[in-house]
Every structure is written in C-alpha cells, then in structure tokens.
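Undergrad: Here the sequence shown stands for residues 2 to 134, where the numbers follow my numbering. No residue lacks a Cβ here, since even glycine has one placed at the ideal position from N, Cα and C. Values in this document were obtained by computation on a predicted structure and should not be read as measured data.
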Amino acid sequence: MMTNNTGDVLNLQGVTRRFGSFTAVDDITMSIKAGERRAILGSNGAGKTTLFNLVTGDLALSEGSIQLEGVESSKIATHKRIKAGLRRTYQHALLFEGLSVRDTLFLSVAGIRNRWRSILPIRKTDELQAEVD
Ligand SMILES: Nc1ncnc2c1ncn2[C@@H]1O[C@H](COP(=O)(O)OP(=O)(O)OP(=O)(O)O)[C@@H](O)[C@H]1O
Ligand SMILES: [Mg+2]
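Set out below in structure tokens:
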C-alpha cells in the first residue's frame, strides 16, 4: 500500500466496537508504517478478530476512526480496500472434504481475481495446472 505524508499506511484512532452493551474493542490507537510488522496479542475473546474486521470494513466502527493511506476508511468500501492492497487471512480455514491437496490448490489458483480478470479469456486448465505444480 502507499503511505501518507507521515509514512503511515494505517492509522487507528480511538477505535471502539460494541456489541450491545458489551465493548469488544476498546479505544485502540496505533499507527503502522510501510514495511513495519506488528503483532496483536491477546487472550481468547480479547477482540483481535473484531479489530481485523474493523480494519477490513467487515464490521462498522462504534467510535473512532481508521485511515488507510491517509484516507478515512469510512469512505472506502471493503472491496476498494482490497484493491488498494489490504489483505487478510481468516482464523478458520475451511477445506472441502475429499479434495486432494492438488485439487485444493487448483481451486485456489483458479479463483485468483484481479482487476482485469473479468475481461481476460478464461485460463486454460493446463495453464492452471502448471501454476499448481
Ligand atoms: N458479532 C458479535 N456479536 C456479539 N459479540 C461478539 C461478536 N463478535 C465477537 N463478539 C465478542 O467480542 C469479543 C471479542 O471477540 P473476538 O473474536 O474479536 O476475540 P479474539 O481476540 O479474536 O479471540 P480468539 O483468540 O478466541 O480468536 C468476544 O467476547 C466475542 O464473544
Ligand atoms: Mg480471533
């Protein structure tokens, strides 16, 4: 992702999320520079996944603000955050029962999308197989 003029790609200011009267994420302020690595640590139920869901836009903020590359995140739809370079992995990976490792990788390779994919010709099976290899 690109940086804003302070070199930050991500700024969280007073980020808070409530579920009813329960506060799952409470007043988180942090910034992350390009290339910087951070770890979010916390016990079960501490609010880590909720925090990620707020950054991606899967969940709305109760209070606070998030800036991506200096742009207020509430102005950026989730799919646009992804196009700008934001990525995540999920806590629970689900596999199709009965598929081989090769078939699982094939599905993953075949499912890769990018900006032009919808107007490019459908990729041939042997081309996808080569990528799986
Ligand atoms: N949609 C929801 N509705 C109500 N409560 C929720 C919801 N999502 C999460 N919570 C609650 O918010 C708290 C934080 O949950 P979260 O899943 O973010 O924790 P976590 O740090 O990711 O935990 P773990 O280490 O178990 O993955 C928990 O008490 C959880 O029950
Ligand atoms: Mg979690």
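My assumption, with CB atoms under 8 Å, is that Leu62 sits in contact with Leu55. Please give the rounded CB distance.
TA: About 6 Å separates the two Cβ atoms, so the contact holds.
Undergrad: Within this structure, are the beta carbons of Leu129 and Phe107 separated by less than 8 Å?
TA: Yes.
Undergrad: Counting along the chain, where does the alpha helix (DSSP H) carrying Glu128 start and finish?
TA: Segment 126-133, the alpha helix (DSSP H) holding Glu128.
Undergrad: Can you give the Cα-Cα distance for Glu64 and Ile113, rounded to whole angstroms?
TA: Computed Cα separation, rounded: 34 Å.
Undergrad: My assumption, with CB atoms under 8 Å, is that Leu52 sits in contact with Val26. Please give the rounded CB distance.
TA: Leu52 to Val26, Cβ: 5 Å. Contact.
Undergrad: How would you label Asn12, buried or exposed, when you count the other beta carbons within 10 angstroms and need 16 or more for buried?
TA: Classification for Asn12: buried.
Undergrad: Is Ile33 near Val16, with beta carbons less than 8 Å apart?
TA: Not a contact, by the Cβ cut-off of 8 Å.
Undergrad: Which term fits Thr126, buried or exposed, when burial requires 16 or more other beta carbons within 10 angstroms of its beta carbon?
TA: Thr126 should be labelled exposed.
Undergrad: Around ligand 2, what residues have a beta-carbon under 7 Å from a heavy atom of it, in chain order?
TA: Taken from the N-terminal end onward, the list reads Lys49, Thr50, Gln92.
Undergrad: DSSP three-state label for Asp27, please.
TA: Of the three classes helix, strand and coil, the one that applies to Asp27 here is strand, per DSSP.
Undergrad: On a CA-only basis, which of Lys49, Val10, Ala111 is nearest Arg18? Give me that one, please.
TA: Among Lys49, Val10, Ala111, the Cα nearest to that of Arg18 is on Lys49.
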